[in-house]
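Notes follow once the structure below has been shown.
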Amino acid sequence: MSGIVDHTVARAQGNSSNFLDAVVGIDSQIPGNARTAGTLGTERQGSGAVISDDGLVLTIGYLILEAASIDLTTSDGRTVPAKFIGYDHASGFGLVRALSPLGVTPFELGESESIPARSQALIANRLGKQAVQGVFVVDRRPFVGSWEYLLDDAIYTSPPNANFSGASLLGSDGKLLGIGSLFVGNAAVIQQPVAGNMFVPIDELRPILDDMVASGRRAGNARPWVGIFSSEFRGRVFVDRIAPDGPAEAAGIEPGDLIVNVRGTAVDDMASFLRAVWKDASAGDAIDMTVLTKTGELRSVTVSSDDRQNWLKLDPSF
2 MSGIVDHTVA
12 RAQGNSSNFL
22 DAVVGIDSQI
32 PGNARTAGTL
42 GTERQGSGAV
52 ISDDGLVLTI
62 GYLILEAASI
72 DLTTSDGRTV
82 PAKFIGYDHA
92 SGFGLVRALS
102 PLGVTPFELG
112 ESESIPARSQ
122 ALIANRLGKQ
132 AVQGVFVVDR
142 RPFVGSWEYL
152 LDDAIYTSPP
162 NANFSGASLL
172 GSDGKLLGIG
182 SLFVGNAAVI
192 QQPVAGNMFV
202 PIDELRPILD
212 DMVASGRRAG
222 NARPWVGIFS
232 SEFRGRVFVD
242 RIAPDGPAEA
252 AGIEPGDLIV
262 NVRGTAVDDM
272 ASFLRAVWKD
282 ASAGDAIDMT
292 VLTKTGELRS
302 VTVSSDDRQN
312 WLKLDPSF
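Numbered continuously in this note's numbering, the sequence shown closes out at residue 319.
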């Protein structure tokens, strides 16, 4: 690490000798018949950030989706069972709550908009204080995921951290700025792509936190979900996979189809596809699409959208 990043680490740790105790390990067990078991696995491991005195832990949602059991591991090695509290597909955040006291001081939430590109930050994960890594925020830009996911202002950091799932992104004052989601090969593109990680900004949490705690999800109408896993290539959007028993499958859309337009709007990348699906629409609305099939047939289809959380098996009793 450069001297500047070393100084950032020292300054944050100097604010409190135990502020990193608010980072906990998360281990989740997921039933084999869960919707996400095939893609995300039945044993998931990552990190979380304690954000309240009563044991509320913020993490990345895919670690706890459809979990039958969740355990937290504290910095002193204790295992504490936790329960699922909520999940928000739009941001990707997940919440759990410890079922017995954690005995740690929670992180204070920072303001992620205050950390522009070229800022220094820290990544802390379940591996403890010795694994705290100094990084640079190398970009702020949208992130689009194949699973109908779009962040408008994701945080990209480098160098990469291998234990990114649910890791805490911390400012030089020790405040929580984001939660780790992914490894990306193009965190920044200068002369060539620079590898790093994508973090979900903490500012995405503030407007939805109370609702997630109260009801397990954000308030208001859910976005329409069509059950398409997509990719883009040379200005075209392709169907890679279809969610089993999802809306697109029911409409007859198949892997390999090319999405030409949505509700009369031409789409040329994944972001434009998602924005066309979501614009002025809610879960349950009919979404008209034109697709070019693998056999070269141009088809008009109507997809009866759903709420993705209805499709997931979030009740641990299943």
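Every residue, glycine too, gets a C-beta built ideally from N, C-alpha and C.
Remember, it's a predicted structure, so these values are computed and weren't measured experimentally.
Distance from E67 to R36 at the Cβ level is roughly 6 Å; contact confirmed, criterion being Cβ atoms closer than 8 Å.
Selection S115, P256, N222, S101 evaluated against V81 yields S101 as nearest (Cα-Cα). For P102, the three-state secondary structure derived from DSSP is coil. Comparing alpha-carbon positions, the option among D28, E233, G247 lying closest to G62 turns out to be D28.
DSSP, read as helix, strand or coil, puts A244 in coil. Under DSSP, F184 forms a beta bridge with N198. Secondary structure note for L170: it is in no alpha helix (DSSP H), and the uninterrupted beta strand (DSSP E) holding it is 169-171. The Cβ atoms of G179 and P202 sit closer than 8 Å to each other. Shown here, Q192 sits in coil according to DSSP, grouped into three states, outside any helix or strand.
When only Cα atoms are considered, E112 and A122 end up about 13 Å apart.
Leaving aside the five residues that flank D153 on each side, the residues in its chain whose CB is nearer than 8 Å to its CB run, in chain order, P143.
As DSSP reads the structure, W226 sits in a beta bridge with D307.
Ranking Y88, V58, A267 by CA distance to the CA of N311 puts Y88 first.
The beta carbon of Q193 sits closer than 6 Å to none of the beta carbons in its chain outside the five residues before and after it. Per DSSP, S48 lies in no alpha helix (DSSP H) segment; the continuous beta strand (DSSP E) that holds it begins and ends at 44-51. In the structure shown, the three-state DSSP call for V214 is helix.
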